[in-house]
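Engineer:
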Amino acid sequence: MPITQHLELNRWIDEMADMCQPDNIVLIDGSDEQKEALTQESVVSGEVLRLNEEKLPGCLYHRTAQNDVARVEHLTYICTELKDDAGPNNNWMSPAEGYRKAGAFFKGAMKGRTMYVIPFSMGPVGSPFSKVGVELTDSIYVVLNMLIMTRAGQDVLDTLGIGGDFTKCLHSKADLSIEKRLILHFPEDNAIWSVGSGYGGNVLLGKKCLALRIASHMAHKENWLAEHMLILGIEKPSGRIDYVAAAFPSACGKTNLAMLIPPEGLKIKGYRIWTVGDDIAWMRVDTDGKLWAINPENGFFGVAPGTNTKSNPSAVETVQKNTIFTNVLLNPDGTVWWEDGDGEPAPEGALDWKGNPWKPGMKDQDGKPIPGAHPNSRFTAPISQCPSHSYRTDHHHGVQISAIIFGGRRAHLAPLVYQSLGWSHGVYMGATMASERTAAQYGKQGEVRRDPMAMLPFCGYNLADYLEHWLRMGVRMRWQPKIFHVNWFRQDEEGNYLWPGFGENLRILEWILGRCNGELEGVKTSIGFIPKPEDIDMTGLDIPEKDMEKLFSIDPAAWKVEMKDIEEFFKKFGDRLPVSLWAEHEALGRRLEELGSEHA
Ligand code: OXD
Ligand code: MN
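Okay, here's the thing in structure tokens:
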């Protein structure tokens, strides 16, 4: 009997099964019974462990292979007919070469295994904003994660009917060897092939591969935006909720901001935060000429270390049940632990993410601390379990976006917040976004990494065309969201952070909304509008006036150095970079010259 009613889907499953040669093919229907049976099967095989049923009900534990703990940007390719269409921002292979190279690794890779067929919807099932994918995988761990991260199962097949469009996503762990690992995207065929990995970002193909790389290509063709952004709603004392979308490079606290808890000083005013998404936003101009956004995901795939009741109490609450923990430390009582989490140091008998006995303070032969949890260890948890989760996450048209916020991690240059002078200047701000490497990242500390709109690793086509697309999208809107840049990480001369971060960031969001709603005037500077000091509500927060001044100071000499770096970055894209971004660059240069002469 054919596996589905969809002719092309059946044909493709047959073709992939011929290549991968699984022993069985099983359709994932989304039922609780099937999920439980698969969980039990993977517990028996040792792929996952059940955690303490009393303390962490429904939670599972998994360890990846030790060579397979993060996204592999150097093995991730965009396969287009023309190299220039992938752009200097991507690794490129021709589709023919991609299919040939990865095909050799897929050949017979599922022998002795089952191929699971997961129909999934990115976005609410049946929404005009949503896209359907079907992932074929030989990993139950992938199935269990996809059941949390996406809406998956029979209803998705029902909306697909007998001929609907879907992204063809093929995954095999194969033998997990790094020599045979490739993450390939074929935007012109609407297909993804991922082989040789079992790590989330490489194998949960709905996430980075479909919802960002393939979707950004679709969005370019279909006039919408697929972005690496959180979406959050801010409920005002009046009951009105305004939504913002914000892009930050990986590891800059997106999940924490998406689940922010208002500080006491603002809570008394009656503010509440609603989480719509923590990683990806799909945004369209609707018939009202406004920008509307959905979160295509249905769960969080968050970094565990650093998550605690102070940094993110909502995340801590979210992961108390039905959560999959990957590469964290395992306590002997079947609970989990990670660095900078809550609670006591791990007790006797704990096993680290590699499965070795572990005690706090352990060091390797070179005297370096051995972490209990891998720094990129993760939790996979349903969005519905988040105490701040918004009922609008299931709304087919999503939420209307009032502000777009770009952010980076800059010790000195960028003020706490500033607003663009208009849409194209805002696109320039996003295009020139950057972060400095911290001790936690590989590379030279302090070195600036440019990451336009936090999309550098995720834009599935030439980034110059992507920036042009952003400029054009502004023209399509009758009502453009205002664009801002924030920097929570500015430091004083001694290297102390000037701004406390966490919930206090709401004070800045309040100013941003005040600007969007025309309630507050800004101070125009050479780089954009900054707040009047009295317009940031500081109730209950004691920051010396001189530190507030430092948070907003603009150093023309430092900006000049920055502009040189931006120029080098822009040049990489040659003639394809939109001229209006060069025009914005020059205009900024002129404004800084004027400021410089005022300072002289
Ligand atoms: C993520 C990332 O995992 O951006 O979300 O790396
Ligand atoms: Mn991300």
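Mapping of the sequence shown onto the numbering used here: position 329 corresponds to residue 1117, and the numbering continues sequentially without gaps.
From the three backbone atoms N, C-alpha and C, an ideal C-beta is built for every residue, glycine too.
Quick one: give me the first and last residue of the alpha helix (DSSP H) that TYR865 is part of.
Structural biologist: No alpha helix (DSSP H) contains TYR865, which is instead part of the beta strand (DSSP E) from 864 to 867.
Engineer: Three-state secondary structure (DSSP) at TRP1080?
Structural biologist: Strand, per DSSP.
Engineer: Report yes or no: do three or more beta-carbon pairs, one from the stretch 1257 to 1276 and one from the stretch 1208 to 1215, lie closer than 8 Å?
Structural biologist: The stretch 1257 to 1276 vs the stretch 1208 to 1215: in contact.
Engineer: Hey, would you say the C-beta of ILE1273 is under 8 Å away from at least one heavy atom of ligand 2?
Structural biologist: What sits at residue 1273 in the sequence shown is His, not Ile. Checking every heavy atom of ligand 2 against the Cβ of HIS1273, none is found closer than 8 Å.
Engineer: Whole angstroms is fine: what's the gap from LEU1018's alpha carbon to SER1102's?
Structural biologist: Rounded to whole angstroms, LEU1018 to SER1102 spans 15 Å at the Cα level.
Engineer: Closer than 8 Å by C-beta to ALA1228: which residues in its own chain qualify, once you throw out the five before and the five after it? Chain order, please.
Structural biologist: Caution is warranted here: a pLDDT of 49 is assigned to ALA1228, below 50, making its placement in the model unreliable, and no coordinate value can be reported.
Engineer: Under the rule that 16 or more other beta-carbon atoms within 10 Å means buried, what is ASN1284, buried or exposed?
Structural biologist: Its Cβ having fewer than 16 others within 10 Å, ASN1284 is exposed.
Engineer: Where does THR1072 sit, in a helix, a strand or coil, going by DSSP?
Structural biologist: The question names Thr, but residue 1072 is Arg in the sequence shown. If DSSP states are grouped into helix, strand and coil, ARG1072 belongs with the strands.
Engineer: By DSSP, does GLU1015 sit in helix, in strand, or in coil?
Structural biologist: Strand at GLU1015.
Engineer: May I have the straight-line CA-CA distance separating GLY921 from GLY1328, to the nearest angstrom?
Structural biologist: Rounded to the nearest angstrom, the two C-alpha atoms are 48 Å apart.
Engineer: Determine the burial state of SER833: buried for a count of at least 16 other Cβ atoms within 10 Å of its Cβ, exposed for fewer.
Structural biologist: The residue in question, SER833, is exposed, as its Cβ has fewer than 16 Cβ neighbours within 10 Å.
Engineer: For VAL1064, count neighbouring C-beta atoms within 10 Å of its own C-beta (all shown protein chains included) and say buried if the count is 16 or more, exposed if not.
Structural biologist: Counting Cβ neighbours within 10 Å, VAL1064 comes out buried, since at least 16 surround it.
Engineer: Tell me whether ASP802 is buried or exposed, calling it buried when 16 or more other Cβ atoms sit within 10 Å of its Cβ.
Structural biologist: Answer is exposed; the Cβ neighbour count stays below 16.
Engineer: So does SER1165 have its beta carbon nearer than 8 Å to some heavy atom of ligand 2?
Structural biologist: Checking every heavy atom of ligand 2 against the Cβ of SER1165, none is found closer than 8 Å.
Engineer: Apart from the five residues on each side of it in sequence, which residues of its chain come closer than 7 Å, Cβ to Cβ, to VAL1236?
Structural biologist: Around VAL1236: ALA1222, GLU1224, ASP1353.
Engineer: For the beta strand (DSSP E) containing TYR1206, list its first residue and its last residue.
Structural biologist: Looking at the DSSP string, the run of the beta strand (DSSP E) that includes TYR1206 is 1205 to 1207.
Engineer: Hey, which unbroken runs of the beta strand (DSSP E) at 3 residues or more fall wholly within the stretch 924 to 980?
Structural biologist: Runs found: 955 to 960, 970 to 974.
Engineer: Along the chain, where does the beta strand (DSSP E) containing TYR1031 start, and where does it finish?
Structural biologist: Counting along the chain, the beta strand (DSSP E) containing TYR1031 begins and ends at 1029 to 1035.
Engineer: Is it the case that the CB of LYS996 approaches a heavy atom of ligand 2 more closely than 8 Å?
Structural biologist: Correct: LYS996 has its Cβ closer than 8 Å to ligand 2.
Engineer: Are three or more beta carbon pairs between the stretch 1333 to 1347 and the stretch 1278 to 1293 nearer than 8 Å?
Structural biologist: Because the criterion of three Cβ pairs below 8 Å is met, the stretch 1333 to 1347 and the stretch 1278 to 1293 touch.
Engineer: Skipping 5 residues on each side, what residues in its chain have a beta carbon closer than 6 Å to that of GLY1155?
Structural biologist: Contacts found: none.
Engineer: Mapping DSSP to helix, strand and coil, what is GLY1021?
Structural biologist: Note: GLY1021 maps to strand in three-state DSSP.
Engineer: If distances are taken between C-alpha atoms only, which option among MET1326, PRO1170, GLU1374 comes closest to THR938?
Structural biologist: Of the listed residues, the one whose Cα sits closest to THR938 is PRO1170.
Engineer: Going along the chain, which residues of its own chain have a beta-carbon closer than 6 Å to the beta-carbon of ALA1388, five neighbours each way excluded?
Structural biologist: The predicted position of ALA1388 is uncertain, since its pLDDT is 46 and thus under 50; no value can be drawn from it.
Engineer: Is any heavy atom of ligand 1 found at a distance shorter than 8 Å from the C-beta of HIS1162?
Structural biologist: False, no ligand heavy atom lies under 8 Å from that Cβ.
Engineer: Among GLN1173, ILE866, PHE917, which residue has its Cα nearest to the Cα of PRO876?
Structural biologist: It is ILE866 whose Cα lies nearest to the Cα of PRO876.
Engineer: Among the residues of its own chain, which have a CB less than 8 Å from the CB of ILE1068, if the five just before and after it don't count?
Structural biologist: Within the same chain, ILE1068 has close Cβ partners LYS995, ALA999, LEU1000, ALA1014, GLU1015, HIS1016, MET1017, ASN1083, PRO1084, GLU1085.
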